[in-house]
Structure formats: structure tokens, C-alpha cells
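Letter by letter, the sequence shown follows residues 441 to 593 in my numbering. Even for Gly, the Cβ is constructed at its ideal location relative to N, Cα and C.
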Amino acid sequence: MNTPTSGPADPSLAPSVPAHSPDALRAGDPHGHHSDQEHHVLPVRTYLIIFGILMVLLFLTVAVAFINLGPFNIVVAMSVAIVKATLVVLFFMHVKYSSRLTQVYVVGGLLWVAIMFSFTFADYVTREWTPNSRGWNDDVIRRTAERSGLPND
441 MNTPTSGPAD
451 PSLAPSVPAH
461 SPDALRAGDP
471 HGHHSDQEHH
481 VLPVRTYLII
491 FGILMVLLFL
501 TVAVAFINLG
511 PFNIVVAMSV
521 AIVKATLVVL
531 FFMHVKYSSR
541 LTQVYVVGGL
551 LWVAIMFSFT
561 FADYVTREWT
571 PNSRGWNDDV
581 IRRTAERSGL
591 PND
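Right, dumping it as C-alpha cells:
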């Protein structure tokens, strides 16, 4: 005779903590799943401080855009942009409190972007080093045809 049961027939397959028990809810997961990673929750005050710093840096960026620093305009603008991006990645994207593996991936991604930028800048800087092609014109085509013995149309 089959009777409905509330759990698995084998007691070793039963979960150690029921999914909706107070222990599972206190662990921070309403579904009772346990993970190896700890979730770091920042206080709202920290987010507001970082937001304030980002706003100050935004005003600094706008102010510096109206000041002629010569070749240092780009240096200042990029420095401020790097600081802002670092704050966003560390705090708003929670990389500061993430696992080492996540941090390694972030650094790897930044290194890859740096490599791509270096190739782009190397191409841009060295463009004047090679002569520009004259392209195809009738004179080059005629001389090539004469040398190779092809009929000249």
C-alpha cells in the first residue's frame, strides 16, 4: 500500500536544514540554498560617500575641461576617469569584497584592454613612418603591362 510521505524514503537524502526554516532564512538565502561565498552588505552611508566623491570628481572633470592645461588636459581627464571607474568597480560592482578569482578576472580584463589600447596607439603613432600608397593609376597599370608583355588596351 502506497502512502504519501512528506520527505524522501531514504533519510540520508533529506536536507539537513529545511528550506524555509529560521536557520536557512538567517543564513541570508530565502530558498535555503547554502553557498560558499559570503555576501558583503555595505551600509548606505558608504554608498552615499562614494556617490559624493563621484559627484566631486564629475565637477572636477567639467571644470578642468574649461581650463587650458595644454598637453596635460588629457592626462588630468584620464586620471580622473580612472579614479571614477575604479570607485565604481570596487564599490558599486562589489569587486572589493569579491573572491580572489573575481578580482583576478577583473585585473585580467583590464590588462587585455591595456594591450588592445597599446596596439591601437602604436598603430596611430607609427602611421607617418611608412609612405602612403599612391594607389592604382593608369600610368602604373600601363608600365606593368609593358614589362610583362601583356597587350595594352
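In this structure Val520 is not in contact with Leu550, their Cβ atoms being roughly 17 angstroms apart against a cut-off of 8 angstroms. The shortest C-alpha to C-alpha distance from Arg485 to any of Phe531, Val565, Ile555 and Arg540 is the one to Phe531.
Residue state for Ile507 is assigned as coil, using DSSP reduced to three classes. Thr566 and Val481 have their C-alpha atoms spaced approximately 49 angstroms apart.
Less than 8 angstroms divides the Cβ of Val535 from the Cβ of Val529. Between the C-alpha atoms of Ile555 and Asn513 there is a straight-line separation of about 23 angstroms.
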